[in-house]
Each structure stands twice: as structure tokens, then as C-alpha cells.
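Student: Following this message is one structure expressed as C-alpha cells.
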Amino acid sequence: MSLQHIRKSAKALSHELLGVLNMNRDRFDPDVVQAFEGGIAELAALRRSGAEDDLVAALDAGRAILARHTPPCRSPGMRELVETLVVAFGVAMAFRAFFFQPFKIPTGSMQPTLYGIHSVAATAPEKGPGLLDRMPFKPFKWLVTGAWYRDVVAEADGKVVVYTDGMKSPGYVLLTVAGRKFKVPHDAYDRGELQVPNPQPAGMADNPNDSRRTMAAGFVKKGQRLWAGTITSGDQVFVNRLAWNFTRPSRDDVVVFATSAPELAFGIEGARALARRDSSVVKIPKLPLYLVDTPIPGLAPGQHYIKRLVGLPGETVSVRHPHVYIDGVKVEGLPGMDRVAAMQPSAPGGTAYAGYHCTGDAGMPPISGSYLHTPDQSLTLGDAFLPMGDNTKNSWDGRYWGGVPRPQMLGPGACVYWPISRRWGPLR
Numbered sequence: 459m460s461l462q463h464i465r466k467s468a469k470a471l472s473h474e475l476l477g478v479l480n481m482n483r484d485r486f487d488p489d490v491v492q493a494f495e496g497g498i499a500e501l502a503a504l505r506r507s508g509a510e511d512d513l514v515a516a517l518d519a520g521r522a523i524l525a526r527h528t529p530p531c532r533s534p535g536m537r538e539l540v541e542t543l544v545v546a547f548g549v550a551m552a553f554r555a556f557f558f559q560p561f562k563i564p565t566g567s568m569q570p571t572l573y574g575i576h577s578v579a580a581t582a583p584e585k586g587p588g589l590l591d592r593m594p595f596k597p598f599k600w601l602v603t604g605a606w607y608r609d610v611v612a613e614a615d616g617k618v619v620v621y622t623d624g625m626k627s628p629g630y631v632l633l634t635v636a637g638r639k640f641k642v643p644h645d646a647y648d649r650g651e652l653q654v655p656n657p658q659p660a661g662m663a664d665n666p667n668d669s670r671r672t673m674a675a676g677f678v679k680k681g682q683r684l685w686a687g688t689i690t691s692g693d694q695v696f697v698n699r700l701a702w703n704f705t706r707p708s709r710d711d712v713v714v715f716a717t718s719a720p721e722l723a724f725g726i727e728g729a730r731a732l733a734r735r736d737s738s739v740v741k742i743p744k745l746p747l748y749l750v751d752t753p754i755p756g757l758a759p760g761q762h763y764i765k766r767l768v769g770l771p772g773e774t775v776s777v778r779h780p781h782v783y784i785d786g787v788k789v790e791g792l793p794g795m796d797r798v799a800a801m802q803p804s805a806p807g808g809t810a811y812a813g814y815h816c817t818g819d820a821g822m823p824p825i826s827g828s829y830l831h832t833p834d835q836s837l838t839l840g841d842a843f844l845p846m847g848d849n850t851k852n853s854w855d856g857r858y859w860g861g862v863p864r865p866q867m868l869g870p871g872a873c874v875y876w877p878i879s880r881r882w883g884p885l886r
């Protein structure tokens, strides 16, 4: 063994001795601590200028110290790998909590600025998928574009039921076909592409109150194709969790907010005092503490939404198609809201914006109980912010359930990081 190799072994052993000492200093006896420190110092001195024989002797002495005072480890490499993964996971979670948090857009409420889960029906499904939609190329196409070909065919005679679950599967309609479950994007159902009997009108894809509503039912034959096409994952964005520690939320920002803010209560009576009928109450094990999660009325607890911020605390908001009015004055001069109100395509050949709508405008879903149902109605915000989707014809937003309290505002959207599309990059 060369002297250079021996010195590298001495450096590695010094590092290992120091790690063990730092982890166990509080439980080692003083003479053991002294033995470790002496071994580390001797290795450091001899590694720089010591003779080869002396360095080998110091290596043997250091290994003997480890053997006496540390339990044997059968898989040291695996142990170090696990420790590294745990540290990396902790760093990632801290980065997510305090800097940039990933967020997936499931529905089309922000189209065409941002896309949720969407689809394109196959023009000739009987010919099967194209080359890139077959194995082994299919996963590589998905990694770049987020697109995945799906063919929904009945494998046996039986019943078909179509329903929604806005809580667990927003952006999709769910099909049970002869006992087997499928997911098809909501927009395919909206366009009437599903070959199902007696389809009923669909609600908003991001409205949790539409969950589990049966929309079609009937019988199918084996081999009957119900839908085929390409499903593209919704845009995934990074949310800047740091920005609002230094600035306030601004009108026209694309923002992410939480539907609820959990509160800690002492004892069951304290929890009952905080909770409403729609609250979620969870007891913390082995402690007399309860976590009370109370949502904004009309929303489910523990969810996150992405919308554009149109109203600020203390303002009075109204909508007269295609514009938003603040305290009676039309909002202009903001690039995002101006694009929505102009009702122009988001890009050449792209989908056009529909402008801002009241919830009672022609073509809107028949949902009662909103704040901005007609142009003569207005909503005065207290200490809260009003978000709206850019696609107000299909967005469950503040027009229906009001404002978002400041503690539930998480941060502005920073950029689309996946999939790769013309929307990739900084949000506008």
C-alpha cells in the first residue's frame, strides 16, 4: 500500500472518529472522549509529516478505539446512504416550506393562462396510438410533455356509471365500466366525447360540492370504446413562499391560497368552541390537544387553489362583463387582468379569454347563492383578498364564496416547471 493511500485512509478514519465523538460526546466517559480526541490529533499530525510505520500504527490504534466504543455495523455503506437520504429529505422539506413549494393545477379554472388536466380526443382510435404513444417511447414522451395516451374500452358486458369526485380527483370524471375504474379528463366529458348513455350537464371541475354526483349510467357491450385520446397533466408551478414576508400581495398576481387555517385547541370543549359544522377536528395522540381545521364556507378544508388576485382588503368589487370594477372604477393597466378583459387569444392560434363574468350571466352553470350574481351586485371585502380564475365561466372562486383571510394566502406563483409547453417559465 502506497504512502498516499495510507494518508487517505488516515483522513477517512479521522472523519469517522470525529463523527462518532460528536454523536456520543454527551454519553461517553471523559477518558473515552480523551482517547478519541487523542487519536484524531495523532492521525492529523502524522498524516502531514509522519513516517509510514508510525502512521500505520496510528491507524491501527484509531480502529481499535472505534471497535471498543461503537457497536458493530453490518452494512455501514447502507447506513450512511440512509443518513444522507434523511438529511436530503429534511433539506427538501425546509426548502418547500420556506422558499418554493410545488403546486399542481388539476382543473381549467385559470385557462388559458395555466392549464389543468386536459385532453385531445383521438381522431382515428381504431388505428391505435402513434409511435411515440407506444412502449418503450411512451414514458419518455410523458416525462417531457406530460402527455399519456389512454384507450377506455369495455372488457366485458356490464354497467357503466360516470360520476365526479371533486375532492380526490379534481379535473377528472370517473367511469366504472363493467367493474373496472377509469379516469377521463373533465373537458372530454364537457365536449360530449364520452360515448355514454344519457349524459347529464357537468358542473365546475374545481367545485368540491359537486363530488360524487352521478352524471350518466347505462349498459355497454364488450369491446365498446367509450373514449380514446391523449391526456396531458396539468401545469405544475413553484409558489414563492418567501416573497410576502417582505411585500404585500398585489392585484393581478397569480396566487396560491389554502382553503383553511388549522388552529390548536386545548381539550374537547376548546375544540368545540372553535369548530363549525364544516370543520375537521383531529385529536393529537397522547396529548389533550385538538387540531381544528375550519375552511372558508363553500370550500373543503386542507385544499389549495390557484387564482388571480383581483380584490384587496377594504375594497368593493363588482363585475360588469368583461371587466372588474373596484370601488366603481374599471380595472385597467394590469397586464394579466387586461388580457382576460380583452377576450383575445393567449397566443397566436390559442384559446381566447372569455372576459370576467357574473355568476348569473348567460352560459354560466346554474349555481345559486353567490355574491356577484348580477352586475348591480357588489362584494365589500373586510380584511380579506378576493381571487378569481382567469376562466370565470368555469371557475369556483371568490364570486361564490367571498374573500380569503391573509393567513391563508401562501404566495405568488413563480414559474411553470413542468411539463414543457409554451407556458413553461415565469408566470404572467
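Position in the sequence shown (first residue = 1) + 458 = this note's numbering. Every residue, glycine too, gets a C-beta built ideally from N, C-alpha and C.
Excluding the 5 residues flanking Gly586 on each side, which residues of the same chain have their C-beta closer than 7 angstroms to its C-beta?
Tutor: Taken in chain order, the list of residues that qualify is empty.
Student: Kindly give me the distance between the Cβ atoms of Ala733 and Val678, rounded to whole angstroms, as I take these residues to be in contact under 8 angstroms.
Tutor: Not confirmed; about 45 angstroms, so no contact.
Student: List in chain order: all unbroken alpha helix (DSSP H) runs of 4+ residues lying wholly within the segment 612–645.
Tutor: Complete alpha helix (DSSP H) runs here, min 4: none at all.
Student: Measure the CB-CB distance between Val631 and Val620 and report whether it falls below 9 angstroms.
Tutor: Against a cut-off of 9 angstroms, the Cβ pair of Val620 and Val631 comes out as a contact.
Student: Check the DSSP bridge columns for Met867 and list the partner residues they point to.
Tutor: Paired residue(s): Phe715.
Student: Along the chain, where does the alpha helix (DSSP H) containing Trp854 start, and where does it finish?
Tutor: Here Trp854 belongs to no alpha helix (DSSP H), and DSSP marks it neither H nor E.
Student: Which value, in whole angstroms, describes the spacing of the CA atoms of Gly629 and Asp623?
Tutor: Taking the straight line from one Cα to the other gives about 9 angstroms.
Student: Report the residue from Ala758, Ala719, Asp710 whose alpha carbon sits nearest the alpha carbon of Ala799.
Tutor: Checked all of Ala758, Ala719, Asp710; the closest Cα to Ala799 is Asp710.
Student: Per DSSP, what are the beta-bridge partners of Trp876 in this structure?
Tutor: Beta-bridge pairing links Trp876 to Gln694.
Student: For the beta strand (DSSP E) holding Lys765, just list the boundary residues, first then last.
Tutor: It spans 762–769 - the beta strand (DSSP E) in which Lys765 sits, taken as one unbroken run.
Student: If you draw a straight line from the C-alpha of His576 to the C-alpha of Ala468, how long is it?
Tutor: Looking at the two C-alpha atoms, the distance is approximately 59 angstroms.
Student: Apart from the five residues just before and just after Ile523, which ones in its own chain have a Cβ nearer than 8 angstroms to its Cβ?
Tutor: Contacts found: Leu475, Ala493, Phe494, Gly497.
Student: Do you know offhand how far Gly604's Cα is from Ala502's?
Tutor: The alpha-carbon atoms of Gly604 and Ala502 are separated by roughly 53 angstroms.
Student: By how many angstroms is the C-alpha of Leu767 removed from the C-alpha of Ser627?
Tutor: The alpha-carbon atoms of Ser627 and Leu767 are separated by roughly 25 angstroms.
Student: Please go through the same chain and pick out, in chain order, the residues whose beta-carbon is closer than 6 angstroms to the beta-carbon of Gly769, but skip the five residues on each side of it.
Tutor: Same-chain partners within the cutoff: Val775, Leu839, Leu844.
Student: Measuring straight from C-alpha to C-alpha, what distance separates Trp702 and Gly869?
Tutor: Roughly 6 angstroms separates the two Cα atoms.
Student: Under DSSP, the beta strand (DSSP E) around Leu722 begins and ends at which residues?
Tutor: Leu722 -> beta strand (DSSP E) spans 721–724.
Student: Using CA atoms only, rank isn't needed, just tell me which of Gly728, Asn849, Pro824 is closest to Gly794.
Tutor: Closest by alpha carbon: Asn849.
Student: Residues in its own chain within less than 7 angstroms of Lys780 by CB, not counting five upstream and five downstream?
Tutor: Per the sequence presented here, residue 780 reads as Pro, with Lys not at that position. Hits under 7 angstroms: Ala799, Met801, Gly813, Tyr814.
Student: Are Asp664 and Ser738 touching if we call contact CB-CB under 9 angstroms?
Tutor: Cβ atoms of Asp664 and Ser738: not closer than 9 angstroms.
Student: For Val578, report the span of its beta strand (DSSP E) as first-last.
Tutor: Element bounds for Val578: 576–579.
Student: With a threshold of 7 angstroms on Cβ separation, who are the neighbours of Leu749 within its own chain once the five nearest residues in sequence on each side are excluded?
Tutor: Excluding sequence neighbours, Leu749 sits near Pro720, Leu722, Val740, Ile742.
Student: Grab me the residues of Gly808's own chain with a C-beta within less than 7 angstroms of its C-beta, minus the 5 sequence neighbours each way, in chain order.
Tutor: Closer than 7 angstroms at Cβ, skipping near neighbours: Pro570.
Student: Going by alpha carbons, who is nearest to Ala842 out of Gly856, Leu590, Met673, Val862?
Tutor: Of the listed residues, the one whose Cα sits closest to Ala842 is Val862.
Student: Beta carbon of Phe558, beta carbon of Val697: below 9 angstroms?
Tutor: Yes. Within cutoff.
Student: Suppose contacts are defined by Cβ-Cβ distances below 9 angstroms. Is Gly756 in contact with Gly574 by that definition?
Tutor: No, the Cβ-Cβ distance between Gly756 and Gly574 is not below 9 angstroms.
Student: Determine the direct distance from the alpha carbon of Thr542 to that of Val446, and round the result to whole angstroms.
Tutor: No statement about residue 446 is possible, as the shown extent of the chain runs from 459 to 886 and does not include it.
Student: Taking three-plus beta-carbon pairs below 8 angstroms as touching, is the segment 810–829 in contact with the segment 851–865?
Tutor: These segments touch.
Student: Name the residue from Cys873, Ala805, Pro771, Gly818 whose alpha carbon lies nearest to the alpha carbon of Gly860.
Tutor: Closest option to Gly860, Cα to Cα, is Pro771.
Student: Report, in whole angstroms, the separation of the C-beta atoms of Glu651 and Ala579, which I expect to be a contact under 8 angstroms.
Tutor: Between Ala579 and Glu651 the Cβ distance is about 5 angstroms, and since that is below 8 angstroms, they are a contact.
Student: Find the nearest neighbour of Arg588 within the set Arg608, Tyr829, Val602, judged by alpha-carbon distance.
Tutor: Residue 588 is actually Gly in this sequence, not Arg. If we check each option's Cα against that of Gly588, Arg608 comes out closest.
Student: In the DSSP assignment, find the beta strand (DSSP E) that holds Ala675 and state where it starts and stops.
Tutor: It spans 672–678 - the beta strand (DSSP E) in which Ala675 sits, taken as one unbroken run.
Student: So what does DSSP say about Asp710, is it helix, strand or coil?
Tutor: If DSSP states are grouped into helix, strand and coil, Asp710 belongs with coil.
Student: Going by DSSP, what residue range makes up the beta strand (DSSP E) through Ala758?
Tutor: It is not in any beta strand (DSSP E) - Ala758 carries neither H nor E in the DSSP assignment.
Student: Short of 6 angstroms in beta carbon distance, which residues of its chain neighbour Glu538, apart from the five on each side in sequence? Order them along the chain.
Tutor: Once the five neighbours on either side are set aside, Glu538 has no close Cβ partner at all.
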